[in-house]
Every structure is written in structure tokens, then in C-alpha cells.
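Asker: For the working numbering, count along the sequence shown from 1 and bump the result up by 2.
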Amino acid sequence: INFSLLNGCPAQYFEGPAYPFQWKLYPLANREPTYLRRLLPPTRPLNSTRLRVSPHIPESWVSHHVIDHSILIPAAAYVEMALEFPDVTHVWDCRFESACILEEGVPPVTLEVAKEGVSWWVKSSTALQTMQGDLEWTRTSPAFDMMHAYGKLGYGKPELYPDSITKVDVDAVLKRCISAHDKDELYADLEGIAQFGPEWVTF
């Protein structure tokens, strides 16, 4: 029905003011629940608020680091966890408190890799040492009470002091050595302490 014609009134048209605000996009999809986000892969291989580690996670080289017949997370891995925080260029004052032992046939160890300010730390939770505990970490926030490593984070170019060592003359160091040993001799001497796998005897 054309009410303008029916009522005898001419149609009225007018232009309103321009919309004064910038259009915004509001996605309607729900965000993943917190426990589901924790199940997603970490943004970096060794850096996550909930990092799961086993003899074969994240890679099989972990199982080759054997000290006194136990698979341990190497100290260098803790340093790498800290270096994978965004924009970090170096770490310092690193301390290693306790070893994290990885065992075959049990659930992966869940580590908390976190930072506050310039301090970083890696902890595990004694509450997650059972199978049920390993499942519960996705729904609850257990206390991470076992400290493995901690230290400080550095950003930007490291500050060098007048007596800082910036270059090592390897040839000069070797000339001062009174004896030399090849790789096989070295690892044979370490056999009682370290039983490294192929990924580690190449160093």
C-alpha cells in the first residue's frame, strides 16, 4: 500500500548526517576455552605455559641424553626455553636446581615455562605425576612446585665491558694443552657417568 498516495501527502526524502564512527568487525565465533588452548601446540618448540616433554617429545633427541642410566632434560634445553621468549637475545645468571627425569612408558612430564619481568623459570608439578593428574592439568591449575631452572632474560644487544671476552683463539688454547684425546677416548672415560646416544656423541 502506498500510504503517501493514499493520504495525499507527498513523499519526503532527507539525507541524514554521515556516520561519525569507524566501522568495526565483531567476530561471532566463540574463543576456545582455556583448557582447549592449553592442548594446542606451543607457538615455539620448547616454550609454552604447559610444555609436555617425554623421551620422544618434542623430538627423539631427548632420549639420547642419558646420565647415570636416566634420561634427563639437558641444561642447554632449559636455556633454549628461555631464549624462545619473544625478543629475548640473551640469558644470564642461569641456575639449575634439580634434574627433570623422563621415563619410558609413563605420561609425558608437564612443565611450566614462564616469566615475570626479566626473570624466567621452568617448573614441574608433583601433583601431575599420575595418569589422572596428567589429564587433570587441562581442566585445573595445579601448583607447579618443583623448580628445575631459572635465570634472567636480556633484550637488545648485550653490553660489553672493557675486559669482556669477545673472541677465543682456539689454536692458542690448543697449544697450551699438554695432551690431546680423540672423541672416542673422551666418551669411553664418561661411560660410567654418561651413556649418550648418537645425537649427543657427535659433539
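We put the beta carbon where it would ideally sit given N, CA and C, even for glycine.
From which residue to which residue does the alpha helix (DSSP H) around K169 run?
Answerer: Careful: K169 lies outside any alpha helix (DSSP H) and carries neither H nor E.
Asker: What whole-angstrom Cβ distance do H67 and I73 have, given they're in contact under 8 Å?
Answerer: So it is a contact: roughly 7 Å between Cβ atoms.
Asker: Quick one: Cα of D70 to Cα of W122, how far?
Answerer: 28 Å
Asker: Where E118 and W63 are concerned, what is the direct C-alpha to C-alpha distance, given to the nearest angstrom?
Answerer: 30 Å
Asker: Give every residue of the same chain whose Cβ lies closer than 6 Å to the Cβ of P47, excluding the five residues on either side of it in the sequence, and list them in chain order.
Answerer: P60
Asker: Under 8 Å, do V93 and V108 count as touching if we go by C-beta distance?
Answerer: No.
Asker: If you drop the 5 nearest sequence neighbours on each side, which residues of the same chain put their C-beta closer than 7 Å to that of G158?
Answerer: T91
Asker: Grouping DSSP H, G and I as helix and E and B as strand, with all else coil, what is D95?
Answerer: strand
Asker: Which of the three DSSP states is assigned to K117 in this structure?
Answerer: strand
Asker: Taking the alpha carbon of M83 as the point to measure from, which residue in L113, E106, I167, S100 has its own alpha carbon closest?
Answerer: L113
Asker: Using beta-carbon positions only, say whether V115 and S126 come within less than 8 Å of one another.
Answerer: If you check the CB distance, V115 and S126 do not come in under 8 Å.
Asker: How would you write the range of the alpha helix (DSSP H) that V64 sits in, first residue to last?
Answerer: Per DSSP, V64 belongs to no alpha helix (DSSP H) and is neither H nor E.
Asker: From the DSSP output, which residues share a beta bridge with W122?
Answerer: K117, G153
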